[in-house]
Amino acid sequence: MLQDMQLENIVGEYKEVTLNLYGSIPRKIYYTDIETPYPDGKLIVSTTDKAGIITHVNQSFVEMSGYREEELINAPHSILRHPDMPAVAFKDLWDTVNKGAKWQGIVKNLRKDGGYYWVKATVIPNIRNGQVVGYTSVRRKPSRTKVNECIQLYPTLF
Amino acid sequence: MSYTFTVSPDFSPNYLAGWYIFNTWLQIQTGEAIHFELYDDFQAQRTAIQANQIDLIYANPFDAAMLVREKGFLPLVKAEGISDEAIIAVNANNPVEDVAQLSTGIRVAVTEDPDVHMIGMIMLEAGDLDASNIQTCFCNNHILIVKNLIQDKVDVGIFLAKAFDDLSNLTKKQLKILVRSQISVIHHSLMISPKLAERRTEIQALLLSMNNDDKGKNVLNSLGFNAWAKVEDEEMEFMIDLMDTLII
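Protein chains in written order, with this note's numbering: chain R, 1 to 158; chain C, 1 to 248.
Pasting the structure below:
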């Protein structure tokens, strides 16, 4: 179960909003305008089960998200969901991977401290013996041009 | 019955003798006749794999999906503590300090090594560069990339990090690293074809204990590392999925 964000973890001036994850699960979000730059040369890697529950994260995921590994394992991947991300982007993600295809997009992720970081995300289904058993998501550094395009575009998709 | 062993064509020439010695060690340990075959390039090697002419391979991660999922190869081991990382470098006199400052149309030198090329392109992507807006100059080896950079015949070089690190200090002083990958989970692997599947556990055990005696240690040293580490099936599947997400 995804808990509300905790005020004591938030760094800097924040805004408050309640997100309805998966259309029905409310989560109180505190978010700030503080961006953490994507580190050069690194990949953020995670895997989830079919329901989107995190089963593996690498060290870069831990460092960029601000959560401890034990807080991330068994948490829904939507723990990273930022209120500036339009729901339609994630609908497109799930529609694509459920068809067995690769999804790519520029995503603004929410940190434990309320800050954010931009990534270029790629998600693929993990197929073992012909069955989808989960998903692998790999994030890399996005170009600033692409990020700026999304900063303009995403507010129009709500 | 005779088997054929091959090595990814991106191996360093420094270790050529080492691979021949390793093949001899493998024949003695397994009691099998194993022919060591080298291919000039990746395409020639892939053709041989498709024709089922290869039984053991020290494979580039780029070819792992094809080997495992199309040809039924099984992973055995990887070089302990060694992963495939790439470096983006420019001439030391180049004022550029960050990939984001590179311009479209630049000349990028790279070897045919497919995973290093891929990792390098991912790092250039952060500067809005891709195959469509750069000039790619393929070089036969990393020394030629260095030469082209120093002579200003290219603007950027993509190197296997290990190859760059092994350059002399004098050479490195003439170059400047813009970015070094820190991926950690992409690596070459020694694999066997389904023909040898029944002997997998036995061969794996031989390799994993190779560093326990002086003779085995010397062979490993001639390959540039100290020990083999086991690669589980799921670890290989994970790397194949990861590579799949990275292929642009």
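Glycine is no exception: its CB is placed at the ideal position from the N, C-alpha and C atoms.
Residue environment: His82 (chain R) is assigned as buried (16 or more neighbouring CB atoms within 10 Å of its CB, all protein chains considered). Within the DSSP bridge table, the entry for Gly216 (chain C) names no partner.
Between Ala109 (chain C) and Asn140 (chain C), the C-beta gap is not smaller than 7 Å, which leaves the two residues out of contact.
When Cβ-Cβ separations below 7 Å define contact, Val108 (chain C) makes no contact with chain R.
Counting only residues of its own chain and dropping the five nearest sequence neighbours on each side, Thr104 (chain C) has a CB closer than 6 Å to the CB of Asn133. Taken atom to atom, the span from the alpha-carbon of Pro114 (chain C) to that of Tyr30 (chain R) is near 43 Å. With its beta carbon less than 7 Å from one in chain C, Lys42 (chain R) belongs to the interface. Counting only residues of its own chain and dropping the five nearest sequence neighbours on each side, Trp118 (chain R) has a CB closer than 8 Å to the CB of Glu35, Tyr38, Ile106, Val107, Lys108, Asn109, Pro142, Val147, Cys150. Counting only runs of 3+ residues, the beta strand (DSSP E) found wholly inside the stretch 72-129 of chain C occupies 74-79, 86-91, 107-110, in chain order. Ranked by Cα distance from Lys15 (chain R), the first of R:Tyr22, R:Leu72, R:Tyr116 is R:Tyr116.
For the stretch 53-84 of chain R, residues whose beta-carbon sits nearer than 9 Å to a beta-carbon of chain C comprise His56, Asn58, Gln59, Ser60. Val179 (chain C) is bridged by DSSP to C:Ile88.
The three-state reading of DSSP puts Ser78 (chain R) in helix, counting H, G and I together. Contact between the stretch 191-201 of chain C and the stretch 170-178 of chain C is absent: fewer than three C-beta pairs spanning the two stretches fall below 8 Å. Here the alpha carbons of Ala92 (chain C) and Ile150 (chain C) stand approximately 8 Å from one another. Annotated three-state conformation of Pro194 (chain C) is helix, per DSSP. Rounded to the nearest whole angstrom, the C-alpha separation of Gly100 (chain R) and Ile127 (chain R) is 9 Å. Within chain C, the C-beta atoms nearer than 8 Å to that of Lys102 (chain R) come from Asp244, Thr245, in chain order.
A Cβ-Cβ distance of about 4 Å is found for the pair Leu223 (chain C) and Gly18 (chain C), placing them in contact under the 8 Å criterion. Excluding residues up to 5 positions away in sequence, Val77, Gln204, Leu208 lie with their Cβ nearer than 7 Å to the Cβ of Lys230 (chain C) in the same chain.
Restricted to the stretch 30-115 of chain R, the alpha helix (DSSP H) segments that are unbroken, complete and at least 4 residues in length are 59-65, 69-72, 87-98, listed in chain order. Taking the Cα of Pro13 (chain C) as reference, the smallest distance to any Cα among C:Tyr3, C:Thr30, C:Asp40, C:Asn218 is reached at C:Asp40. One finds nothing in chain R with a Cβ atom closer than 8 Å to the Cβ of Glu235 (chain C); even the nearest lies about 11 Å away. With three or more CB-CB distances shorter than 8 Å, the stretch 53-61 of chain C counts as touching the stretch 179-190 of chain C. Three or more Cβ pairs closer than 8 Å define a contact, and the stretch 211-219 of chain C falls short of that threshold against the stretch 38-53 of chain C. By the neighbour-count criterion, in which a residue is buried when 16 or more other Cβ atoms sit within 10 angstroms of its Cβ, Ser2 (chain C) is exposed. Proximity of Ile106 (chain R) to chain C, defined by a Cβ-Cβ separation below 7 Å, is not satisfied. Interface criterion not met: the Cβ of Ser189 (chain C) is under 7 Å from no Cβ in chain R. Close to Ala100 (chain C), with beta-carbon spacing below 9 Å, are these residues of chain R in chain order: Ser143, Arg144. Residues are counted here when their Cβ sits less than 9 Å from a Cβ of chain R; for the stretch 126-146 of chain C these are Ala126, Gly127, Asp128, Leu129, given in chain order. Here the C-alpha atom of Gln101 (chain C) lies approximately 28 Å from the C-alpha atom of Arg111 (chain R).
Taking a C-beta cut-off of 7 Å against chain C, the contacting residues of the stretch 129-141 of chain R are Thr136, Val138, Arg140, Lys141, listed in chain order. Put simply, the backbone Cα of Asp49 (chain R) is about 19 Å away from that of Gln104 (chain R). Ile240 (chain C) and Glu13 (chain R) have their alpha carbons spaced roughly 42 Å apart. Look at Ala33 (chain C) here: in three-state DSSP terms it is strand.
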